[in-house]
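Just below is one structure, and these are the notes that go with it.
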Amino acid sequence: MKRIEWDDSYLLGITEIDNQHKKLLAVANDLYDTASGSTDRYVLKMSKVLKSLTDYTVYHFSEEEKFMTKYGYPSVSVHKVEHDSFVNEVNQQIQKLSSGSREDALLFYDFVANWVLTHIAKEDRIWAAFVKPKLA
Numbered sequence: 000m001k002r003i004e005w006d007d008s009y010l011l012g013i014t015e016i017d018n019q020h021k022k023l024l025a026v027a028n029d030l031y032d033t034a035s036g037s038t039d040r041y042v043l044k045m046s047k048v049l050k051s052l053t054d055y056t057v058y059h060f061s062e063e064e065k066f067m068t069k070y071g072y073p074s075v076s077v078h079k080v081e082h083d084s085f086v087n088e089v090n091q092q093i094q095k096l097s098s099g100s101r102e103d104a105l106l107f108y109d110f111v112a113n114w115v116l117t118h119i120a121k122e123d124r125i126w127a128a129f130v131k132p133k134l135a
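Throughout the sequence shown, residue numbering follows numbering that gives the first Met the number 0, covering 0 to 135 in sequence.
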């Protein structure tokens, strides 16, 4: 398993959302760095990273849903269900990580990073294509 870096092929062309996606992957990468880094203060570092990940994920999803609503995207509720499902899975995994190993944390990172990038590449492209013409 390796660290996943941002690639501009994930850009939606909506600066505010693109910047949030970059930040979300950066926060996920903090999880990778902590799980694969020094054991010095690992538990404290992991606790902070997981809090940052959950806080930023909730913030980003909320902002994205507001953005879709503002521009009249008709499937906001369907998209919100996907977001809520991801947040629930993250919360369940975080509970497991409190007694888990570094390997568990790396597997969690793999799940988070891949979900985020797949979601951007597929689901977010759909609503962005709807919204972008309204921004001009």
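Cβ atoms here follow ideal geometry from the backbone N, Cα and C, with glycine treated the same way.
* Residue from SER97, PHE60, GLN19, ASP103 with nearest C-alpha to SER76 -> PHE60
* Asked: Taking the alpha helix (DSSP H) that TRP5 falls in, what are its first and last residues?
  -> Note, TRP5: premise wrong, no alpha helix (DSSP H); not H, not E.
* Asked: Grouping DSSP H, G and I as helix and E and B as strand, with all else coil, what is ASP39?
  -> coil
* Determine, using beta-carbon pairs with one atom in the segment 60-70 and one in the segment 33-46, whether at least three such pairs fall under 8 Å. => no
* Asked: Is DSSP giving TYR70 helix, strand or coil here?
  -> Coil, per DSSP.
* Asked: Taking the C-alpha atoms as reference points, what is the distance between ARG124 and LEU52?
  -> 23 Å
* Asked: Can you tell me whether LEU43 is buried or exposed, with buried defined as 16 or more other CB within 10 angstroms of its CB?
  -> exposed
* **the segment 100-107 contacting the segment 15-27, beta-carbon criterion three pairs below 8 Å** => Taking a contact to require three or more Cβ pairs closer than 8 Å, the segment 100-107 and the segment 15-27 do not qualify as touching.
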